[in-house]
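Undergrad: Okay, so the sequence shown: first residue is 1 according to full-length UniProt numbering, each after it adds one. Beta carbons are placed, not taken as given, at the ideal position from N, Cα and C, and that holds for glycine.
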Amino acid sequence: MRPTLIVTSHGKMAEETVNSAKMIVGEMENVFVVSMKDDDGLAGTVGKFDTILANLHSETEIVVLADLKGGTPCNVAMMKASTIPTMEVVSGLNLGMLIEGVFSQLETAQELANYLESIGKNAIDHLEKVLPDEDEEEYEE
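1) Please tell me whether I119 and E100 are closer than 8 Å, where the distance is taken between their beta carbons.
2) In its own chain, which residues sit with a C-beta less than 7 Å from the C-beta of T60, not counting the 5 before and 5 after it?
3) Using a 10 Å radius around the Cβ and a threshold of 16 neighbouring Cβ atoms, would you call M67 buried or exposed?
4) Helix or strand or just coil, what does DSSP make of M36?
5) In terms of residue numbering, what span does the beta strand (DSSP E) encompassing I6 cover?
6) With a cut-off of 8 Å, do at least 3 Cβ pairs link the region 72 to 81 to the region 28 to 42?
7) Judging by CA-CA distance, which residue of G96, R2, V130, L131 is the nearest neighbour of N122?
8) CA-CA distance, K80 and D50?
9) By a C-beta neighbour count over all protein chains shown, 10 Å radius and 16 as the cutoff for buried, is A21 buried or exposed?
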């Protein structure tokens, strides 16, 4: 069975990243969101993680995709991972990581976390400016 994904962030970034992924790939199974709101603080964020984790089997492989290394959502995920051997945390959340995580056939959290770290790093490019050819049609999606 593939690992469960928990997407976490400050504000609505996690929620909206999941919504954006749904626009591209459709509904996703085993993807949960922890959005830290202004008034959540540490205790509220811990509570949100606890609610999700309480509904998962104790041996479930879990990968947490966090927005910012050192931020409260990531720190809470790291605290939880320190007591859950089947949980891994990857910071630097981006849409490509989530989509790859959903489609990956990797079965352990550690394998998937390593893979998604690579995907996240490789998704960042400084793109060259290209002027459109006058003869080419404008790209429309």
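TA: Per the coordinate set shown:
1) yes
2) T4, T86
3) One detail in the question is off: residue 67 reads as Asp in this sequence, not Met. So D67 ends up on the buried side.
4) strand
5) 4 to 10
6) yes
7) G96
8) 9 Å
9) buried
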